[in-house]
Each structure stands twice: as C-alpha cells, then as structure tokens.
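Sequential numbering of the sequence shown, starting at 0, is according to numbering that gives the first Met the number 0.
Positions of the beta carbon are idealized from the N, C-alpha and C atoms, including for glycine.
Being a predicted model, the structure only gives us computed values, none of them experimental.
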Amino acid sequence: MKAEFTAIIEAAPEGGYWAICPEVPGANGQGETIEEAKNSLREAIELILEDRKADIMRGLPDDVIQEKVLLG
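If you want it as structure tokens, here you go:
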C-alpha cells in the first residue's frame, strides 16, 4: 500500500527524536536520528493499519464486495 502521512518530529528532552502521525491516532516512533524516528513511525503506522484491517475483515460476511479506492 502506498500512502502519504504527516510526521511531526521533535527533539526528545533526553536526546534523540520522537515522532507522531496526526492521521493515525496512536502511531508514534522514536530514534537517535530523525531518520530513525521516521522509520520507527512508519513501522508503527503499518502495524496499526494492518491490525485495524484484520479486525474489520474478521466480521465481514463471505459475499462482501471488496474493491480498492485510490486517493489523489
């Protein structure tokens, strides 16, 4: 899945950086560098979205229609 999300990155008081994603509540990451914080955030976003999809898919009937929707 290809998508674009916002990463809000700030220096952590104890050193390194932390990052959050306003579009995906609960997604956050941290790292010694900005790039590490972004990679950590990316992994968190992927895990949250995969989990949400799996949770919803478990409750769907077998004959449900599934199609892709592209943005932008």
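Between A18 and A6 the beta-carbon gap is near 5 Å, inside 8 Å, which marks them as a contact.
Counting the other Cβ atoms within 10 Å of the Cβ of A36 gives 16 or more, which makes it buried.
E35 carries a helical assignment under DSSP once its states are collapsed to helix, strand and coil. Within the region 14-59, the complete alpha helix (DSSP H) runs of at least 4 residues fall at 33-57. Looking at the DSSP output, E66 sits in no beta bridge, so it has no partner there.
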